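Take a look at the structure below.
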Amino acid sequence: MVEEKTAEKTKLPSKAQFDAVFEKEEANYKISLLEKHLMESREEYNRLKDEELALRAKQTELISQMEENFEKTKKVDEILAQSISEKIESIKTEMFTEWQESVKESLVASVAELTEQKLKEYREIYEKQNQVIENQAKKFRNVIVSTRMMRFMCYAICFVATLVLLFIPIAQYLAKEVMALLEEFSWWGLFVLVMAVILLIIALALAILLRRRTPKE
C-alpha cells in the first residue's frame, strides 16, 4: 500500500498536460513578439512625426525667406521705377527723345530679366518643397499600411488563439471533464476551465489595447 502511494506521487505528467503547458508557453511567446513589434511600430511612428514637425518648421522658414525676398524685390522694383521716372524726366528736359527711348527699353529689359530670375528661384523652391511633402506623404502611407497589416495579424492570431485554446478544449472536454467535475471533483477539469477563461480574457485585453494604441489614419 505504501509503495502504491509512493508511485502515485512520483508519477510523471501526462502527454496532454505537457501539450497544454507547451501551447500556453507558445502563445505567451507569440504575444511577446507581437508586443515588441507594436512598440517598434510606435517608435517608428513617433520618429516620422518628429520628422514631419522638423519639415514643417523648415517649410515655415522657407516661406519666411520667400516673403523677405519678395519684399526686397518689391523695394528694388520701387527703386528702379523711381530711377526710371527720374531719368525719363531728365531726358525730357534735355530733349533727348531717342536716348530716352533706348534707356527706357534697357531698364524695362533689366526689370524683366530680374523678375524672371526671381520667378525661377521661387519655382525651384516650390518644387523642392513639393518633393519633400510628397516623400513625407509616402512615408506616412507606408506606416499606415504596416499598422493596418499588424492590426489584421493581431486580430487573426487572437481569433485563432481563442479558437484553439478556448473553444476546442471546451468542446473536447465538455462531455467528459465538465460532467466529471459536476459528478466528482476533478482538479484537471477545473484547471482546463480556469486556463480557458484566463486565455480568453488575455486575448480580449490584447485586442482592446491594440485598438486603443493604434494611431488614427
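The working numbering applies: residue 3 is where the sequence shown begins, and numbers increase by one. Don't be surprised by glycine CBs; every beta carbon is placed ideally from N, CA and C. All values reported here derive from a predicted model rather than from experimental measurement.
As a quick exercise: from the options, pick the residue whose alpha carbon is nearest that of residue i.
| i | options | result |
| --- | --- | --- |
| Ile33 | Val199, Ala158, Leu192 | Ala158 |
| Thr117 | Lys77, Leu36, Ser104, Val145 | Lys77 |
| Arg153 | Leu36, Tyr124, Asp21 | Leu36 |
| Leu1 | Gln67, Val199, Lys106, Val196 | Missing from the structure shown is residue 1; the chain here goes from 3 to 219 and no further. |
Decide if residue i is buried, meaning its Cβ has at least 16 other Cβ atoms within 10 Å, or exposed.
| i | result |
| --- | --- |
| Leu211 | exposed |
| Thr149 | buried |
| Ala114 | exposed |
| Leu201 | buried |
| Leu192 | exposed |
| Leu206 | exposed |
| Leu121 | exposed |
| Leu55 | exposed |
Three-state secondary structure (DSSP) at residue i?
| i | result |
| --- | --- |
| Leu116 | helix |
| Asp21 | helix |
| Met3 | Because Met3 sits at a pLDDT of 45, beneath the cut-off of 50, its placement in the model cannot be relied upon, and the point is left open. |
Do you know how far the Cα of residue j is from the Cα of residue i?
| i | j | result |
| --- | --- | --- |
| Glu25 | Leu57 | 48 angstroms |
| Thr62 | Ile127 | 12 angstroms |
| Glu91 | Ala111 | 19 angstroms |
| Glu73 | Ala139 | 32 angstroms |
| Asn132 | Ser66 | 17 angstroms |
| Val145 | Lys38 | 16 angstroms |
| Tyr31 | Ile204 | 13 angstroms |
| Gln222 | Glu70 | Since the first residue shown for the chain is 3 and the last is 219, residue 222 is missing from the structure and cannot be characterised. |
| Ala1 | Trp189 | Here the chain covers residues 3 to 219 and nothing more, so residue 1 does not appear. |
| Val134 | Ala29 | 43 angstroms |
| Asn48 | Glu42 | 10 angstroms |
| Cys160 | Val196 | 18 angstroms |
| Glu100 | Glu123 | 35 angstroms |
| Glu27 | Ala18 | 14 angstroms |
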